[in-house]
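Participant:
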Amino acid sequence: MTAYTALIWLLAIPLGSAPIIYLAGRITEKLSPKTGSAPSRWLSVLALAGTFVPLYFAITHFISEGAINLSVNLISLKFDGISMLVAVTALVLGLCVTFFSTKYMQGDEGEEKFFALLPIMIGSIIGLVCATDLFNLWIWFEVMAISSYILVAFYRDQPDAIEAGVKYLVQSAAGSALILLGIALVFAQTGQLNLEQIRLGVVNSEPSPLLLAASVLMLIGFGVKAALVPLHTWLPDAHSQAPSGISAMLSGIVIESGLVALLRTSGALIYSNVTWGYLIMGFGALNLFVGNLMALRQTQVKRLLAYSSVSQVGYILVGIGVSIYSLQPTGAAGGFFHVITHALMKGLAFLAAGALLYALRMSHENHDPLLVSDLDGASKRYPLTAFALSLALLALGGLPPLAGFMSKWQIFVAGFEANAGITIGLVIFAALNSVLSLAYYTPMINRMYRHEPSEQVKAGAAISWKMALPLIVLIIMIVALGLWPALVRWLVNPAAYSLLSIFTSALVR
Amino acid sequence: MASTLILLVIGLPWIGALLVWWIGDKRSALQHALAIAFSVASGAAAVVLIFNASASTVISLDAGGVFGQFTFVADGLGVYLAAIATVIGSLAVIFSVNYMHGEKGLGRYYAMVLFFIGGMAGLVLTSNLLLMFLFWEITALCSYALIAFNNDDPKAVAGGIKALIITQLGGIGLLAGALILYSQTGSYDFNQMIANPGLINPQLLAGMAFGCLIAAAAKSAQFPFFTWLPDAMEAPTPISALIHAATMVNAGVYLLARFFPAFEAVPGWKTSVIIVGMVSAFISAIMALFAYDLKRVLAYSTISQLGYMVFAIGCGGIYASQFHLFSHSIFKALLFLSAGAIIHSVGTRDMREMGGLGKKMPFTRVVFIIGALALAGIPILNGFWSKELVLEAGLTNGPVWAYIIMLITAGLTAFYTFRMVWMVFFGKPSEKHVHDAQPAMKVALAPLALGAVVAWLLAGPFASMLQSTLPAHKIHALSTIEIMMEVIKAPATYIALAVVALGLVAWWQRKNLTGIGKAFHWLGYAANNSFGFEAVNKFIVRETQAVAEELRDTQTGLLNWNIAGLLIGLIAVIIILVMGG
């Protein structure tokens, strides 16, 4: 398989399979009420598993010969280190989520739409992180956004879910409008849409107010999706109201893809890496602080996890911000490592919480949120799920020997390597926030290991192996990365170099 | 040979942890047996490792990039602490067979104990500061999980979370130290830096030195972070003996001793170490005087004895501090485990409800009193020799005011120790129906009691092992006989013995001293409130929660405000860019 065909199939399989999955579900539902839309579930799993084949070829090509550049007229796609890292993470997490959802979503109305939209969302994420021209980037971004609106508001008879979906839609649309305005300004100034061409123009010119304005508009526009504080207000509602698999996807990879889009565009537009380093680090500090304090007083499990995502994005921002500021790769490597580990940890947390939500609530046709107090004694009936959730929370809190410890470590190293007062101070602040985060993670764990189960746990339904299997896979990956972080070095280092190449080439004057 | 042994010492308990957890709580007899087998095997490996001690790196794995080389060294400091962790660990496991009989969640208990034993051994055997921090956090995690073992009890849960958060907060100091080491030398291996501290810029070296002091103070429950240890007494008693007396709390002392040659020259560092040790030793001895909870008295005395070790390091007495650590691990584990036998039998920790237990628990009384005499520093028990060495180091190399406070503390130690022994075993008999220590408990207690009586005979070989494997520490080794003669000839010994005797006399004459007792009424009030440190903790927690609650107002749930947030962000960034260029 040549590099180009691999890249095209990488996008075509998830996107092209979606209509087939939908139709298959609809047809079997009409033909045999007994089967329902079951084939759509397994087709979806199959499609995502199949996407690993072109991904494998694209990766081998990338490792042997470098980035894959694919241009069709003005549309250009580039499979570089960042694309590789996000594509692998999105597919691994996506496959776990889809497999989990075959049971979680089983029998829900419109199930076949869910299973068709998931591959679209994953395909558009891969497209987004490969796009290197503004138009194309914006299109992929919108495809990802639209598929996620529908998935967030999937329970359309639940007023809370609809409210969350509308808020998410309106806030993202406001962001999209800013992005579009930014694109218009860039085009007006440079006459170009290709990011590399724009960057060359920027390198050779004096700072222009139009481009400065465009960079701010894009920062804020993409920042909505990346949940930068104070643009994060859609996130707690959307993450807690979406089906649990979608919460895992949103938190694990969608917000990070927004961040990648932000970095790709700003890399082409900025004049000073130091100022942007400060900006990204500043948002990082704000995210850490607000996310943690907001999570501290939450009583709903999924809402608490949603705020924890706000603070976890803060670590990624700190790593990447330090890297942009100092133009050294360690911080970006740490930030991207945290993208991977956060996808695994938060994926596990949301899926385990989802399994409990399913067993304690949804199996009784109850759509109320899962409360922290419902977790009492969960380990008695659901030892694996309770263990999975505990492990995910400890990993998020940065305790060894789990993945989160190692990725945070790499971010912290970067701050000290940069050897500036501000980066060192920021690392200490981030470490303090890690300690603070334990104050809301640990009480949940203690509740699950009580001997006296809550009424809800006593009345809970069993958890199927289809939900348990993805949990086990994620647990193994989290422990493996915690013991031997070098396992993902092949993913993390190229991504860091790709990011630095975006930011440094803008500054060669 | 040494590399295999290190892997066995760390790996065996971890494999055991997985197995015990895996076989499930339905087969509890097998769980007990497996836990004993793996911990004892690990202990045996650690003892053999002592004879293979050397200063060279024996394991090195390349973890790549910013994770450096995962290196392990079996030097004197490491092997003896690993032996303490695994041997006392296996005794605590044996004790648990009786103590934890019939408890729910045995798999979780043993898995965490074994995970801890391996983690503690790793902490002292690695020479990579990243790994040391990793193991440091693993021990904190196990400590948290075991303090909160009985999750249905809110006090246990609160104690566990408090211990975790305070030690982690201090741990940031060690984190910063490790990151400074890496950013300055490009490696996490601390041995080259200890041999040559000039590798690091003096300002950063000072940062590292004080960072490590903060981490050590939090881990070893020293001033001003000590408040977590008394609350950690909610843990099952074998855990208090193992983690919160004999092993984990020593990690801080170990850290300071390990890095002493590097930090020695940092201005103000040694004085700060002396002050931390002295204040901890003194105020916790006072708190022990007024406590009625048996385990809390022991916890305060642990803080106080750890204070002696920290003080000794500040005075440059590395050998004295490590020797006292060795003695303390034995006699404090002995005291805690016999306290466990008492509590298991009586069903309360309040000493006012005990009284006159001696006749009904003769075995426990004998071993407890041996431990108590060692704690009080009575010749010829192990605590006597090591405490004398600490005080001698203080007299020769430390400031006089600190030495005097430490002397007074020695008298207070004798006083509260006898108060405790009296309240538990003598005095007015309680009505409770009690039984003596059970068989497995006796198996665990007997070797510790023996150790408290004879372990000081190892003083000479111990010193020569440290001398030969730790060149940078410049330890001057003497034989056991020479050390004994030195202690016997030193005037400091007789001053200290006189003060200890004064403490005993004060206890004996306590009825005639009630006037003084009344005059110190305010002191009891202050001590029972941990001299205000608890209030500071509570204040910080309350304020953080209040800020978090206030901040919730920002999540209005109104879409208009959400969009307003977006615009505020936009305007703020524009202003920053326009101002900053």
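Protein chains in written order, with this note's numbering: chain A, 3 to 511; chain B, 6 to 586.
Backbone N, C-alpha and C define an ideal beta-carbon position, used for all residues, glycine too.
(1) Please list, in chain order, the residues of the stretch 170-191 of chain B that have any C-beta partner in chain A closer than 7 Å.
(2) Short check: CB of B:Leu247 to CB of B:Ala97, under 8 Å?
(3) Kindly list, in the order they appear in chain A, the residues whose Cβ is closer than 9 Å to that of B:Lys167.
(4) Please classify B:Ile573: does DSSP put it in a helix, a strand, or coil?
(5) Please report the straight-line C-alpha distance between B:Leu130 and A:Leu396, rounded to a whole angstrom.
(6) If the cut is a Cβ gap below 8 Å, which residues of chain B does A:Asn448 touch?
(7) Leaving aside the five residues before and after A:Leu372 along the sequence, list all residues of the same chain whose C-beta is less than 8 Å from its C-beta, in chain order.
(8) Could you give the DSSP three-state label for B:Ile99: helix, strand or coil?
(9) Report the residues of the stretch 317-339 of chain A with a CB closer than 8 Å to any CB of chain B, ordered along the chain.
(10) From what residue to what residue does the beta strand (DSSP E) around A:Gln300 run?
(11) Along the chain, where does the beta strand (DSSP E) containing A:Phe81 start, and where does it finish?
(12) Assuming the contact rule is C-beta atoms closer than 8 Å, B:Gly29 and B:Gly107 should be a hit. Round their C-beta distance to whole Å, please.
(13) By the three-class DSSP mapping on this structure, what secondary structure does B:Ala58 have?
(14) Can A:Gly333 and A:Ala405 be called in contact, C-beta distance under 8 Å?
(15) Going by beta carbon distance, what residues of the same chain come within less than 8 Å of B:Ile486, once the five residues before and after it are set aside?
(16) Please report whether the beta-carbon of B:Ile11 lies at a distance below 8 Å from any beta-carbon of chain A.
(17) Since B:Val258 is in the alpha helix (DSSP H), which residue starts that stretch and which ends it?
(18) Measure the C-alpha to C-alpha separation of A:Lys460 and A:Arg383 and round it to an integer number of angstroms.
(19) Closer than 8 Å is the cut-off here; do at least three beta carbon pairs connect the stretch 123-133 of chain A with the stretch 83-99 of chain A?
(20) Near B:Ala50, what residues of its chain come up, given a Cβ to Cβ distance below 6 Å and the 5 sequence neighbours on each side ignored?
(21) Tell me which residues share the same chain as A:Ala118 and place their Cβ nearer than 6 Å to its Cβ, disregarding the 5 neighbours each side in the sequence.
(22) With DSSP collapsed to three states, give me the class of A:Asn513.
(23) If the criterion is Cβ atoms closer than 8 Å, does the pair B:Thr414 and B:Phe287 meet it?
(24) Would you report the Cα separation of B:Gly16 and B:Leu135, rounded to the nearest angstrom?
(25) List the endpoints of the continuous beta strand (DSSP E) containing B:Gln74.
(26) Kindly indicate which residue of A:Val429, A:Leu180, A:Ile478 has the alpha-carbon position closest to the one of A:Leu346.
(27) In the DSSP assignment, find the alpha helix (DSSP H) that holds B:Met428 and state where it starts and stops.
(28) For a quick check, are the C-beta atoms of A:Val154 and A:Gly349 less than 8 Å apart?
(29) Using a cut-off of 7 Å between C-beta atoms, extract the partners of B:Arg557 located in chain A.
(30) Starting from A:Met123, trace the alpha helix (DSSP H) in both directions and tell me its first and last residue.
(31) Does the distance from the C-beta atom of B:Val552 to that of B:Leu450 stay below 8 Å?
(32) If you follow the alpha helix (DSSP H) that B:Asn196 is part of, which residue opens it and which one closes it?
(33) Keeping to the same chain, check which residues put their C-beta closer than 6 Å to that of A:Met296; ignore five residues upstream and five downstream.
(34) Since B:Gly69 meets chain A, which of its residues come closer than 8 Å, beta carbon to beta carbon?
(35) Have a look at B:Arg424 and B:Lys31 and give me their C-alpha separation to the nearest angstrom.
(36) Going by DSSP, what residues sit across from A:Leu401 in a beta bridge?
Facilitator: Checking against the coordinates, here is how it stands:
(1) Within the stretch 170-191 of chain B, those residues whose Cβ lies closer than 7 Å to any Cβ of chain A are, in chain order, Ile170, Gln173, Leu174, Ile177, Leu180, Ala181, Leu184, Ile185, Tyr187, Ser188.
(2) In the second sequence, residue 247 of chain B corresponds to position 242, counting from 1. In the second sequence, residue 97 of chain B corresponds to position 92, counting from 1. A contact, by the Cβ cut-off of 8 Å.
(3) In the second sequence, the residue the question calls residue 167 of chain B occupies position 162. By Cβ distance, chain A contributes nothing, its closest Cβ being about 10 Å from B:Lys167, past 9 Å.
(4) Locating residue 573 of chain B in the second sequence gives position 568, counting from the first residue. Helix at B:Ile573.
(5) Position 125 of the second sequence, counted from the start, is the residue given in the question as residue 130 of chain B. Position 394 of the first sequence, counted from the start, is the residue given in the question as residue 396 of chain A. Near 25 Å, if we compare the C-alpha coordinates of A:Leu396 and B:Leu130.
(6) Mapped onto the first sequence, residue 448 of chain A falls at position 446. Simply Ala153, Asn156, Val162, Gly165, Ile166.
(7) Counting from one through the first sequence, the residue named residue 372 of chain A turns up at place 370. Counting only Cβ-Cβ distances below 8 Å, and skipping sequence neighbours, we find Gln302, Val303, Lys304, Ala355, Leu358, Leu359, Leu362, Arg363.
(8) The residue labelled residue 99 of chain B in the question sits at position 94 within the second sequence. Helix, per DSSP.
(9) Thr332, Ala335, Gly336
(10) Taking the first residue of the first sequence as 1, we reach residue 300 of chain A at position 298. No beta strand (DSSP E) contains A:Gln300, which DSSP labels as neither H nor E.
(11) As a first step, residue 81 of chain A is located in the first sequence; it is residue number 79 there, counting from the start. Where A:Phe81 is concerned, the enclosing beta strand (DSSP E) stretches over 77-81.
(12) Residue numbering aside, residue 29 of chain B sits at position 24 when the second sequence is read from its first letter. Residue numbering aside, residue 107 of chain B sits at position 102 when the second sequence is read from its first letter. For B:Gly29 against B:Gly107, the beta-carbon gap comes to about 16 Å, at or over 8 Å, which does not count as contact.
(13) Counting from 1 along the second sequence, the entry for residue 58 of chain B is found at position 53. Residue state, collapsed to three classes: coil.
(14) Here residue 333 of chain A refers to the residue found at position 331 of the first sequence. Here residue 405 of chain A refers to the residue found at position 403 of the first sequence. Contact flag unset, no.
(15) On the second sequence, residue 486 of chain B is found 481 positions in, with the first residue counted as 1. Same-chain partners within the cutoff: Gly465.
(16) Translated into the one-based positions of the second sequence, residue 11 of chain B becomes position 6. By this cut-off, B:Ile11 is not an interface position.
(17) Reading the second sequence from its first residue, position 253 is the one you call residue 258 of chain B. Note, B:Val258: alpha helix (DSSP H), 255-268.
(18) Here residue 460 of chain A is taken as the residue at index 458 of the first sequence, counted from 1. Here residue 383 of chain A is taken as the residue at index 381 of the first sequence, counted from 1. Taking the straight line joining both Cα atoms gives about 8 Å.
(19) yes
(20) The count along the second sequence starts at 1 and reaches residue 50 of chain B at position 45. Closer than 6 Å at Cβ, skipping near neighbours: Leu10, Leu13, Val14.
(21) Against the first sequence, residue 118 of chain A aligns to sequence position 116. Within the same chain, A:Ala118 has close Cβ partners Ala20, Ile23, Tyr24.
(22) The requested residue 513 of chain A is not part of the displayed model; chain A covers only 3 to 511.
(23) Within the second sequence, the letter at position 409 stands for residue 414 of chain B. Within the second sequence, the letter at position 282 stands for residue 287 of chain B. A contact, by the Cβ cut-off of 8 Å.
(24) Here the question's residue 16 of chain B lines up with position 11 in the second sequence. Here the question's residue 135 of chain B lines up with position 130 in the second sequence. Cα to Cα, the separation comes out at about 19 Å.
(25) In the second sequence, counting from the first residue as 1, residue 74 of chain B sits at position 69. Segment 74-78, the beta strand (DSSP E) holding B:Gln74.
(26) Along the first sequence, one-based indexing puts residue 346 of chain A at 344. Here the closest residue by C-alpha is A:Ile478.
(27) Your numbering for residue 428 of chain B matches position 423 in the second sequence. 405-430 is the extent of the alpha helix (DSSP H) around B:Met428.
(28) The sequence position of residue 154 of chain A within the first sequence is 152, counting from 1. The sequence position of residue 349 of chain A within the first sequence is 347, counting from 1. No; because the gap between Cβ atoms is not below 8 Å, this pair is not in contact.
(29) As a position in the second sequence, residue 557 of chain B is number 552, starting the count at 1. Within chain A, the residues near B:Arg557 are Met296, Arg299.
(30) The sequence position of residue 123 of chain A within the first sequence is 121, counting from 1. Element bounds for A:Met123: 113-132.
(31) On the second sequence, position 547 is the one that residue 552 of chain B refers to. On the second sequence, position 445 is the one that residue 450 of chain B refers to. In this structure, B:Leu450 does not lie closer than 8 Å to B:Val552 by Cβ.
(32) Here residue 196 of chain B refers to the residue found at position 191 of the second sequence. It spans 195-200 - the alpha helix (DSSP H) in which B:Asn196 sits, taken as one unbroken run.
(33) Here residue 296 of chain A refers to the residue found at position 294 when the first sequence is read from its first residue. Exclusion of the five residues before and after A:Met296 leaves Tyr309 as the residues of its chain whose Cβ lies within less than 6 Å of its Cβ.
(34) Translated into the one-based positions of the second sequence, residue 69 of chain B becomes position 64. What B:Gly69 touches in chain A: Pro487, Ala488, Arg491.
(35) In the second sequence, counting from the first residue as 1, residue 424 of chain B sits at position 419. In the second sequence, counting from the first residue as 1, residue 31 of chain B sits at position 26. Going from the Cα of B:Arg424 to the Cα of B:Lys31 covers about 43 Å.
(36) One-based indexing of the first sequence puts residue 401 of chain A at position 399. According to DSSP, which records beta bridges pairwise, A:Leu401 is partnered with nothing at all.
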